[in-house]
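Enquirer: Residue numbers (the numbering used here), protein chains in the order written: chain A, 87 to 436; chain B, -7 to 497; chain C, 258 to 626.
Note that the Cβ used here is the ideal one computed from N, Cα and C, for glycine as well.
In this text the structure is predicted, and so the values were computed from the model without any measurement.
Sharing a structure here in structure tokens format.
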Amino acid sequence: MTNAPSTAPEPSTAGAPPRPSGRPARRQRQFRELGVLLAVVVLITATWLHNPGFLSSQGVRDLFLGATVLAVLAVGQALVLITKNVDLSVGSVMGLSAFGTGLLFVTFPGLPVPVAVLAGVVIGLVCGLLNGLLVTTVQVPALVVTLGTLYAYRGLNHWWADGGQVNAHDMPSAFLLLGRISVLGVPLPAAVAIAVVAAVGFYLARYRSGRELYAIGSNADAARLSGIPAARRVMVAFAVNGALAGLAGVLFAARYGTVDSTVGTGMELQVVAAAVVGGVAIAGGVGTVYGAALGAVLLTTITAALPIWRIDQFWHQAVVGALILAAIALDRLLALRTARKLRGGGARGA
Amino acid sequence: MDPTEVPPPLALVDVTKSFGSVRALRGLSLELRAGEIHALVGENGAGKSTLVKTIAGVHRPDGGQLLVDGRPTGFAAPVDAQNAGIAVIYQEPTLFPDLSVAENIFVGRQPRTRWATIDRRRMRHETEGVFSRLGVRMDPDRPARGLSIADQQLVEIAKALTRQARVLVMDEPTAALSGVEAERLFTVARTLRDSGAALLFISHRFDEVFSLCDRITVVRDGAFVSCDPTSELDVDTVVRRMVGREVTSLYPKEEAEHGETVLEVEGLTRDGVFADVSFSVRAGEIVALAGLVGAGRSEVIRAVFGVDRYDAGSVRVQGRELAGGRPKAAMAAGIALVPEDRRQQGLVMESSIERNATATRRRPLSRLGLLRPSAERASAEEWGERLNLKFGRLDDSVSTLSGGNQQKVVLAKWLSTEPRVLFVDEPTRGIDVGTKAEVHRLLSGLAGRGLAIVMVSSELPEVLGMADRVLVMHEGRVTAELDRAEADEESVMYAATGQRPSEAV
Amino acid sequence: MAPERTATASAPDRTNGPGPAREERPAARLRALLSGREAPVVSALLVAVLGAALFVDMFATARNIDFMLLSVAAIALMALPMTLIVITGEIDLSVASTLALTSATLGVLWEAGVPIETALWICLGVGALLGAFNGLLVTVCGLPSLAVTIGTMALYRGLAYVLLGDRAVASYPSNWVGGAREHFLGLPGLPWIAVAVLVLAVLFGVLLHATAVGRSLFDIGNNDEAARFTGVSVRWTKFWLFTLSGVVASGAGVFWTMQYGTSRADTAFGLELQVVAAVLLGGVSIFGGIGSVLGVMSGVLLLGVIRNALQLFGVGSEVLQVVTGLILIASVVTPNIAARVRARRASGPQPPPAHAPPPVSASTKGEDS
């Protein structure tokens, strides 16, 4: 079959002919992320015009740092969501890693900083691997597994901490400096987050295994028939998500210096919210980590902007909730429109 | 291209496969030659799908040999089969709706650049190349979501082509295609054959088998029956071998007296789907809705039944207006609908036979709002007997039944409501020859007892054999209304393809 | 198109298994009950109660039972509608937030001088509205309930903060606050709410297992399209379930407020996960279509008993959390592993039921074989 049949059969009457306005879906996805970006820009600009202090160098710093942890977590969550799974345990994993890193410094005072950072990431990696293992080998729905590990990891953390906390003076100044120094005007943690987003985003778009994550979330049966090692890919997604949650824990510890066993409580919902607002579908197969990260930025920007607008900070959570609802409603609307357009461009009925 | 000199690209020798105590394949042999289209026919349950999955590497055979180019080979996973140059196209293609067409074709083996990243330009270019070879115009960057089944199959074929597949297996590829789409698929298949590929074609439609294929293998009960060149066979012989005994070809159409008009549909329109559909059905009459797949036939009866909404028009049952969009109201008015997709729409596959068979009558089977288990059981037993249902226990999940018996459960579920109007959508699709005849006899008998029946069918012989009147639809409109006397293959096909639109009405 | 021939003689049918073997109904029923999905959790509950009564000193005292039952009352209440919702294949994560918002509403109304009797009804109305909003988004807009209720979970909790901020309302009349903990007919160890939950559980159980509506819930969860083709109004059913869930959650909110005597915006934080955990522990499938009220109630009690016994044992709350998580995971992992072991054994010598389908893991589609 290598030699091509030269006589082509009659041209297909069906199938959308290449139109200049083609590729509606891809364009729509880009619009989706641009929309979030636009929302961020409008919000920042409006807030800045309202009170220029919002964009003082300290303000920008706070904005960057605030978004860092959430963005790193959202990137990991996006990986998992794209495969049609979910990881609710990220808040607990992050807490475990943050506390573990802190405790390492207490136990081994002279520990080099990179080792501690690595240890935090490894703690997260192990937790994520365990999640992935349960989801793939025992084939238990991720929602249930990670709901269970949400409790288990958090309980482990409490038991480990035993009511204590690690304070800033227990940590070496070199570690705390990580949260303070800047690279080219960007705080180091934020730079790390940007690097993570870029790397994961590039991987998802340009590598076979990255695309296969989308394939698995899009149609798991077809993925199996195509010979995609779905279990291994999902496992890796969970592991990377865990490692990123570990990294987020380290960044948290470096930034705040004080860590107890409640770090990251309730974070999972904010993370899922950030990803969903950024256009990652809970139903799998759709979305990018850029969107997820932008969603995280939008959520933190809202948090930062509320006091400037003199809006009671107690409104924050309600706004987040409304935003999630708006985002999924918008996604639904866009999907319906695309579906109509595709049907219009039409394949049916010769 | 002489098949006797080179070993065949794929051969199965004495392959066996069991699931528990069920022996799906009991010593099946098959030889696919290069440059040949080979047909595989057999009743449902004869083991065709198991065979396909064995070739595809989904199942591993318990015994026997799989020879690729004459060498014994074992496939541990679908990938192994793909690497051996075997491509399988399933009845419902398994694409990734969220990925682009090009990515669907190249998933897992996208062309890569030096840095192991995906070379999107080359991928797009190669997709365009293969599409032009197939004579298909499709945007490689559009997502697979929203493609028609025919186009999805073309994507699958393109996938096989780019994989340099030498063996192409097509499992009932035309089941969901219109005539034109099927014809295009055959053209592609012939081109592939002429370029030296070996094709295995599985179909229930004998006209396709005989016009397309070079040799025909018949299987029965998981075992090999015969393999002969098409030129030495005729339909009767093949059917006899499939069933294993003599058959008479006959549609058991009873003459029934036509009573008063029961159902009147006037000017029914659903924007973009069908328009201005009017017809009426009298008691004891069987009206067939014929036409190509996608002509809007199922959509019309779904709208009448209330599962879908309609935008204009009216439906009257025994002179009384029926509100749209409410299946419950339609059921109360005495309408029943045996849907097109048995597994998705007709049955709750996880549920038991009894629960499925009584699903439409839960309120009548209750007292003071509480279900009476004994009444449910009695009802299910009664209808099981009346329809000659073959089952183990009524508590068994309905998925344990064969296709034909599943269809009987759907019929039981609806006939037990004692409807005045019965809609049946593709009543015999995917069920074996024996049960098919049973269903035909049943429908005919029901009409004889005064039921008004509307039947959607893509099988022309069934339409012509069963119907008192044939309504033909084309692109959402009724293009002809033919009496039993004037309906023949030609007149129906003309109207269905819209070539002579104003022949009747 | 060549005419297709059909056989009039009935084809050999491969499904003629061992004839309809009719068993004695009560015996079959009992066996079905014991072999059902809820059997492990029911037996685990019995073992836990027995073990706790034997080995934990203070467990089998009226005071402790009373305390234990009160501690799970709100969870049990919310688990009832949650069971129905999960069986239809949806989920409602906003219940705890609905509880909190109701509690906050009650607080605000009470402070504004509305008599409790009136405020109570307003609160139930608010709950109905909150639930109906969820239902609206899920049914009319066709959005996934997981995403919707994560959103409303944040929204309702947020609104509770908007109403109360970080204040607490604690000035409720003492007869109401004490009334929440009253005993049923003065029986020690039996709070009236436990009886109320029991009555509700029976009602929900009858609704789910013995009525046409209940059956249709299972159908919806297994295959909502087939349910629609059978005349079930899937959307309305789901809408009413979410509304019901809102009402019950607000009822739990009123009770919760009276039980603890305060309204706070952060009250019952994270309780939705405990409710879901209890429901899943009770054998309800997260994919819908499978489950029973008996199992769920056993799941709620099992969690309560274990926590209570461990607390009496002097185990800290942190270990409780680990245990809760592990029980939840075990509850879904064990049936899966058991099913696999069974499947492996079934493929061995003994004959499976007539016409066994190929193992589900391998089948993608296909009518025959």
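#1: When you compare each of A:Phe288, A:Leu123 and A:Ile302 to valine 99 (chain B) by their alpha carbons, which one comes out closest?
#2: Would glutamate 575 (chain C) be called buried (16 or more neighbouring beta carbons within 10 Å of its own) or exposed?
#3: Glycine 548 (chain C) versus chain B: which residues are under 7 Å apart at the beta carbon?
#4: Taking DSSP as the reference, what is the three-state secondary structure of lysine 428 (chain B)?
#5: Skipping 5 residues on each side, what residues in its chain have a beta carbon closer than 7 Å to that of glycine 39 (chain B)?
#6: Check whether the stretch 389 to 403 of chain B touches the stretch 324 to 343 of chain B, counting contact only when three or more Cβ pairs, one atom from each stretch, lie closer than 8 Å.
#7: Let's test the definition: count the other Cβ atoms within 10 Å of the Cβ of lysine 320 (chain B) and tell me whether it reaches 16, buried, or not, exposed.
#8: Based on the DSSP output, what are the partners of leucine 110 (chain B) in its beta bridges?
#9: Give the secondary structure of methionine 257 (chain A) by DSSP, where H, G and I count as helix, E and B as strand, and everything else as coil.
#10: Helix, strand or coil: which one does DSSP assign to phenylalanine 191 (chain A)?
#11: Using CA atoms only, rank isn't needed, just tell me which of B:Leu381, B:Leu225, B:Thr350 and B:Val470 is closest to serine 366 (chain B).
#12: Which residues does DSSP pair with lysine 9 (chain B) in a beta bridge?
#13: According to DSSP, simplified to helix, strand and coil, what is histidine 244 (chain A)?
#14: Relative to the C-alpha of arginine 318 (chain A), which residue among A:Ala331, A:Asn305, A:Ala334 and A:Leu299 is closest?
#15: Quick one: measure Cβ to Cβ for alanine 417 (chain C) and alanine 509 (chain C), integer angstroms, because I've assumed they're closer than 8 Å.
#16: According to DSSP, is aspartate 220 (chain B) helix, strand or coil?
#17: Closer than 9 Å, Cβ to Cβ, to anything on chain C: give me those residues from the stretch 336 to 349 of chain B, in chain order.
#18: Please classify proline 198 (chain A) as buried or exposed, where buried requires at least 16 other C-beta atoms within 10 Å of its C-beta.
#19: Who are glycine 415 (chain C)'s beta bridge partners in DSSP?
#20: Identify the continuous alpha helix (DSSP H) that holds histidine 466 (chain C) and give its terminal residues.
#21: Distance check for leucine 32 (chain B) and asparagine 171 (chain A), CA to CA, integer angstroms please.
#22: Can you give me the start and stop residues for the beta strand (DSSP E) that glycine 55 (chain B) sits inside?
#23: What's the call for serine 555 (chain C), buried or exposed, on a 16-neighbour Cβ count within 10 Å?
#24: What does the Cβ neighbour count give for valine 397 (chain C), buried or exposed, with the cut at 16 atoms within 10 Å?
#25: So what does DSSP say about glycine 435 (chain C), is it helix, strand or coil?
#26: Chain A partners of valine 579 (chain C), CB-CB under 9 Å?
#27: For proline 110 (chain A), count the other beta carbons within 10 Å of its own beta carbon; 16 or more makes it buried, fewer makes it exposed. Which is it?
#28: Beta-carbon separation of glycine 370 (chain A) and threonine 169 (chain A) under 8 Å?
#29: Please compile the residues from chain C whose C-beta is within a distance smaller than 9 Å of the C-beta of glycine 305 (chain B).
#30: Going by alpha carbons, who is nearest to glycine 226 (chain A) out of C:Thr362, C:Ala319, C:Val572 and C:Leu537?
#31: Return the chain-ordered list of same chain residues with a C-beta closer than 7 Å to the C-beta of serine 107 (chain A), the five sequence neighbours on each side being excluded.
#32: Starting from alanine 542 (chain B), trace the beta strand (DSSP E) both ways and give me its first and last residue.
#33: How far does the beta strand (DSSP E) with alanine 328 (chain B) in it reach, from first residue to last?
#34: Can you check which of these residues, B:Ile78, B:Glu35 and B:Ser270, is closest to lysine 45 (chain B) by C-alpha distance?
#35: Sorted by chain position, which residues of the same chain lie with C-beta nearer than 7 Å to proline 258 (chain A)'s C-beta, five sequence neighbours on each side aside?
#36: List, in chain order, every chain A residue whose beta-carbon is nearer than 8 Å to that of valine 536 (chain C).
Expert: This is what the structure gives:
#1: A:Ile302
#2: buried
#3: In chain order: nothing, as chain B lies at least about 13 Å away.
#4: helix
#5: Ala16, Leu17, Leu20, Val211 and Gly214
#6: yes
#7: exposed
#8: For clarity, residue 110 (chain B) is isoleucine in the given sequence; the question names leucine instead. Beta-bridge pairing links isoleucine 110 (chain B) to B:Arg104.
#9: coil
#10: helix
#11: B:Thr350
#12: B:Leu17
#13: helix
#14: A:Leu299
#15: That belief does not hold up - the Cβ atoms of alanine 417 (chain C) and alanine 509 (chain C) are roughly 14 Å apart, past 8 Å.
#16: strand
#17: Gln336, Gln337, Gly338, Leu339, Val340, Met341, Glu342, Ser343, Arg347 and Asn348
#18: exposed
#19: Per DSSP, none; premise fails for glycine 415 (chain C).
#20: 449 to 467
#21: 40 Å
#22: 55 to 60
#23: buried
#24: exposed
#25: helix
#26: Tyr237, Ala238, Tyr239, Arg240, Gly241, Leu242, His244 and Trp245
#27: Low confidence applies to proline 110 (chain A): its pLDDT is 46, below 50, so where it sits in the model is not reliable enough to give any reading.
#28: yes
#29: Near glycine 305 (chain B) there are no residues of chain C at all, since even the closest Cβ is about 21 Å away, more than 9 Å.
#30: Just to set this straight, residue 226 (chain A) is valine in the shown sequence, not glycine. Residue C:Leu537 is the option with its Cα nearest to valine 226 (chain A).
#31: Because serine 107 (chain A) carries a pLDDT of 39, less than 50, the predicted location of this residue cannot be relied on, and the following value inherits that uncertainty. Counting only Cβ-Cβ distances below 7 Å, and skipping sequence neighbours, we find nothing.
#32: Because residue 542 (chain B) is not part of the residues shown, which for chain B are -7 to 497, the question remains open.
#33: 327 to 330
#34: B:Ile78
#35: Phe191 and Val199
#36: The premise fails here: valine 536 (chain C) is roughly 10 Å from chain A at the closest Cβ pair, so nothing lies under 8 Å.
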